[in-house]
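Working notes, beginning with the structure itself.
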Amino acid sequence: MLETPFTKFHFNGQREDEQILLVLHRHWFDILSQFFIIFVMLLILFGSYGLTAVFFGNFESATFQKLIAFVRNLFFIFTWITFFIIWIDYYFDVWIVTDQRIVNIEQDGLFARTTSELRLEKIQDVATDVKGVIPTFLNYGNLEVQTAAEQEKFLFKNIPDPYAVKDLIMKLQKKFEHQEDVEFTEMLNKKIHHDGDEA
Amino acid sequence: MFYFVLGLYIVILLTFVFLYAFIIYHLVKYSINASLNRILLPFFIIISTLLLFSNILLFFSIDWNNLFSQFFIN
């Protein structure tokens, strides 16, 4: 087996003889817009230190100070959970390229998760789609894998370096095709020799 | 009035605990990177537990009856 950076990775349903070659998440810029809400929440939290003095200056009792501390703490817990929900949605949304297939695990919030797979020999065409100034500048975009079967296309959404991924998938697919040709020729040769011996 | 606030607080608290449990479940069950899990899981559990306990302590440190009387007088 080849030594890859993903040797220690393992996903549910991985076969014993299957090796992970690539693990892809959406590009970091894609999550940045979602993390903006966390930034705003933290801004509110830290801003509250100044704002409470302005708006609730009359309430200086110890009980009121405790209430403010309690509300801040509650708000921080809420921010903490929101951060992890966004992160889980990002990190667990993953495309795994192995030496046998492509696995797409789609995480939708905390309560929805779908897994689909595509065997490498079923790939017919791979196309990349990088649109816009920021995606071009940061080199991220979509990658579409077309299959022979009439099933829906396999879409890698907003992945980093889609051209390199395309090259890898094409290489793997060609390797698979070549392997199939070799196996077919060997089988044919065996059959010819077997028939010749019998005659 | 205190019991009304307490009831409301318990609902919020249970929602947080439920979400914590789901986050931990996802990290344990679906993470593909075991080494990241070894760092992230204790980090999340420790911080979350500290936050939750500090929140419970803060809640019970407030004299709710006194607070309500202050609000109604003001």
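Taken in sequence, the protein lines are chains A and B.
Quick note: the first sequence uses the numbering used here, first residue 9, plus one each step.
Quick note: the second sequence uses the numbering used here, first residue 504, plus one each step.
Beta carbons: idealized from backbone N, C-alpha and C, even for Gly.
Predicted, not measured: the structure shown is a model, and the values here were computed from it.
- Selection A:A70, A:I76 and A:A77 evaluated against B:N569 yields A:A70 as nearest (Cα-Cα).
- For A:N112, the three-state secondary structure derived from DSSP is strand.
- Look at A:I94: its C-beta is not under 7 Å from any C-beta on chain B.
- Shown here, B:N540 sits in a helix according to DSSP, grouped into three states.
- Rounded to whole angstroms, the separation of the alpha carbons of B:W567 and A:K74 is 10 Å.
- 7 Å or more divides the Cβ of A:I113 from the Cβ of A:V105.
- Nearest in C-alpha terms to A:E152, of all of A:G140, A:N166, A:T136 and A:P143, is A:T136.
- When secondary structure is reduced to three states using DSSP, A:A135 falls in the strand class.
- Within the region 518-542 of chain B, those residues whose Cβ lies closer than 7 Å to any Cβ of chain A are, in chain order, F519, L522, F525, I526, H529, Y533, I535, N536, A537 and S538.
- With a cutoff of 7 Å on beta-carbon distance, A:V134 and A:I167 are scored as not near each other.
- Pairing B:Y528 with B:S551 gives a Cβ-Cβ distance that is not under 7 Å.
- Classified as exposed, B:G510 has fewer than 16 neighbouring CB atoms from the shown chains inside 10 Å of its CB.
- DSSP places A:I76 inside the alpha helix (DSSP H), whose first and last residues are A70 to Y99.
- Counting along the chain, no beta strand (DSSP E) covers A:L50; the unbroken alpha helix (DSSP H) around it starts and ends at W36 to F63.
- Within the DSSP bridge table, the entry for B:P545 names no partner.
- Shown here for B:S534: same chain residues with a beta carbon closer than 6 Å to its own, the five before and five after excluded, namely N540 in chain order.
- Any Cβ of chain A closer than 7 Å to the Cβ of B:N569 would place that residue at the interface, and such an atom is present.
- According to the DSSP assignment, A:T122 belongs to the beta strand (DSSP E) that extends over A120 to R127.
- Rounded to whole angstroms, the separation of the alpha carbons of A:V31 and A:G55 is 39 Å.
- The residue from A:L50, A:T60, A:A61 and A:N81 with its alpha-carbon nearest to that of B:L555 is A:N81.
- Annotated as distal: A:D116 and A:N147, with beta-carbon spacing of 7 Å or more.
- Interface annotation for the region 547-565 of chain B against chain A: F547, I550, S551, L554, L555, S557, N558, L561, F562, S564 and I565, criterion Cβ-Cβ distance under 8 Å.
- Shown here for A:R127: same chain residues with a beta carbon closer than 6 Å to its own, the five before and five after excluded, namely R109 in chain order.
- With respect to the 7 Å criterion, A:V138 and A:E125 are not classified as neighbours on the basis of their beta carbons.
- Remark: C-beta atoms of A:F84 and A:I46 do not approach each other more closely than 7 Å.
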